[in-house]
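Below is one structure, written out as C-alpha cells, with a few remarks after it.
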Amino acid sequence: MKVSSYSGADEGACHYSLVVTKRRIVVMVAALALVLAVIGLPLVFLTESDAELGVKQRLGLAKGCVPRTAESQGWRAEPELPDRRDEPRAVAAGGKAYLAGGTADILGAEPSDIPGVSRIEVESIAALTEFDPATRRYTERRPMPQALNHVGIAEYRGDVYVVGGHGRLVQGLDAKDVFWRYSPATDRWSDMPALPSRRGAAGTGVIGGRLYVVGGMLQGRPVATLEIFDFATGRWTRGPDMPTPREHVTAAVLDGELYVLGGRGRADDALPTAERYDPRRRRWERLPPLPVGAGGLEAVTLGERVVAFGGGSDERGKVTGAVQAFDAERGEWGQLPPMRTPRHGLGMAAIGDRAYAFGGSPCARFNASATVESFSPAS
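So for the sequence shown, the working numbering puts the first residue at 8; every next one is plus one.
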C-alpha cells in the first residue's frame with residue numbers, strides 16, 4: 008500500500024496555493040458579474056429546486072456517502088469492479104459470476120403525479136460483466152439489449168436469464184416485461200417470451216426446470232404476483248400470489264422450495280417478512296421474520312442455509328451489514344459475521360462455498376460503488 012506523506016513546508020505551500028486559487032476564483036466571478044451587468048444580464052447561480060431537494064432528502068439521496076469498512080471474520084476484499092454499479096444483479100454460471108445492469112448515477116428526482124411516489128431518473132447500465140474467481144479478473148461481455156436496473160436474474164443449464172427491471176425511471180414508473188437469455192458459450196443474447204406482468208425489483212429462482220418470478224414494483228406500488236416460466240414448454244403460467252406484496256425482495260432456492268425474504272411495502276418501509284413457496288403443493292408458508300428487516304438485500308444458498316446479505320434497513324436508505332442465515336431444519340435464523348462494507352442494492356453470486364458481493368450503495372441509495380468482497384463461512 009502506498010502511503011503519502013508531507014512536511015510542514017509542503018503544508019504551507021499547499022495552503023498558500025489554495026488561498027491564491029480562491030482569490031483567483033473570486034476575481035473571475037466578480038469580472039464575470041461586471042460583464043453581465045454591462046450587457047444587462049444577471050449573474051444566476053443554479054441550484055436544485057426545492058421540490059427536487061425535498062425528494063432527495065426524504066429518500067436519503069442528499070447525504071454525502073462515506074463507506075464504512077471494517078475487518079470481519081470470513082470476509083476478504085476482491086478486485087474492484089471496472090465501473091461503479093448500484094442495483095445490479097448477479098448469478099453464477101459455469102463457475103463464474105455474471106453481473107447484469109444497474110445504475111451509475113441519479114440524474115434527477117421530483118414528485119410524480121402518483122401520490123407518495125417520487126419520479127427518480129437514473130443513468131441505467133447495459134453492461135454484462137463476467138468475474139472469474141480463479142483468476143480474480145473481470146471480462147466485459149456483450150451488453151444487454153437495453154440498459155436496465157433492478158432486473159431479475161437466474162441461471163439454467165449454463166445460460167443466464169434476465170427478466171423484468173426498470174429503465175431510466177425507477178419506482179416502477181418505467182417497469183419492463185423483457186425476458187432474455189444470454190449464452191456464455193456464444194456471447195449472444197436472444198429474446199424469450201415476455202414476462203406477463205411487467206415489473207422490476209422482483210425475486211427470482213429456478214426449481215425443476217421452471218423459473219419463478221415473484222413480487223416487485225409497478226407504478227410505485229409493491230406487487231404480490233408470482234409467475235412461472237416452464238423452460239420445456241416455453242410458456243408462462245400464474246401461480247398463487249405471495250401473502251405479502253413486496254418489492255426490493257430477494258429470493259433463493261433450498262431443497263426445492265423458494266424463499267422470499269425482506270423487501271419494502273407500501274410505506275417504503277424495510278420489512279422483516281420471510282415467506283416460503285412449495286411448488287409441489289402450490290402453497291405459501293410464513294417463516295420466522297428476519298432479525299433485521301431490510302429491502303434491497305440479496306440472498307444466496309450456502310450449504311444447507313439460505314443466507315441474506317445487507318440491504319437498506321429503513322425508508323431513508325440507512326444501510327445494514329447484517330448477514331442473516333436461515334436453518335431450514337431448525338426453522339430459525341442465526342447471525343453470521345457482518346459485511347466488511349454494508350451495502351444496499353448489491354449483486355450476490357455463490358460459487359462453491361463462497362459468496363461474492365458486487366457493487367451496490369454503501370450508504371444512502373443510488374451512491375453507486377465498485378466495491379467487491381467475498382464471504383465463506385468456512386474461512
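For glycine and all other residues, C-beta sits at the position ideal for the given N, C-alpha and C.
Between D166 and the set T193, P150 and R175, the nearest pair of CA atoms involves T193. In the structure shown, A77 falls within a coil segment according to DSSP collapsed to helix, strand and coil. Straight-line spacing of the CA atoms in E339 and P286 works out to 22 Å.
When the Cα atoms are used, V170 and S376 turn out to be separated by approximately 23 Å.
Measuring C-alpha to C-alpha distances from R188 to each of R175, R288, P150 and F382 identifies P150 as the nearest. For the set W82, G303 and Q331, the Cα lying nearest the Cα of P296 is the one of Q331. As DSSP reads the structure, A201 sits in no beta bridge.
Note that the segment 201–218 does not touch the segment 114–124; fewer than 3 beta-carbon pairs, one per stretch, sit closer than 8 Å. According to the DSSP assignment, I358 belongs to the beta strand (DSSP E) that extends over G354 to I358. One thing to note: R228 has its Cβ no nearer than 8 Å to the Cβ of L176. Close CB contacts of E162 within its chain, under the 6 Å cut and outside five residues either way in sequence, are with V98 and A100 (chain order). Shortest Cα-Cα distance from G328 to any of D334, M346 and R337 involves M346.
Distances from the alpha-carbon of G108 to those of A77, W82, L88 and N156 put N156 closest. For D90, the secondary structure class from DSSP, reduced to helix, strand or coil, is coil. From the listed residues G302, T257 and L353, the smallest Cα separation to V313 is found for T257.
Considering only P203, G174, P140 and A277, the residue with the shortest C-alpha distance to A133 is G174. The beta carbon of R289 lies closer than 8 Å to those of G246 and P247 in the same chain, with the five residues before and after it left out. Beyond the five residues adjoining it in sequence on each side, P344 comes within less than 7 Å, by CB distance, of S79, Q80, G81, W82 and V330 in the same chain, given in chain order. The beta carbon of D262 sits closer than 7 Å to the beta carbons of A335 from its chain, once the five residues preceding and following it are set aside; these are given in chain order. The three-state reading of DSSP puts G212 in strand, counting E and B together.
At the C-beta level, V326 and P298 stay beyond 8 Å of one another. By a beta-carbon distance limit of 8 Å, Q226 contacts I121. Their separation comes to about 6 Å.
Straight through space, the alpha carbons of G123 and R144 are spaced by roughly 43 Å. Counting only the Cα atoms, A281 lies some 12 Å from G210.
H351 sits in a strand when the DSSP states are folded into three classes.
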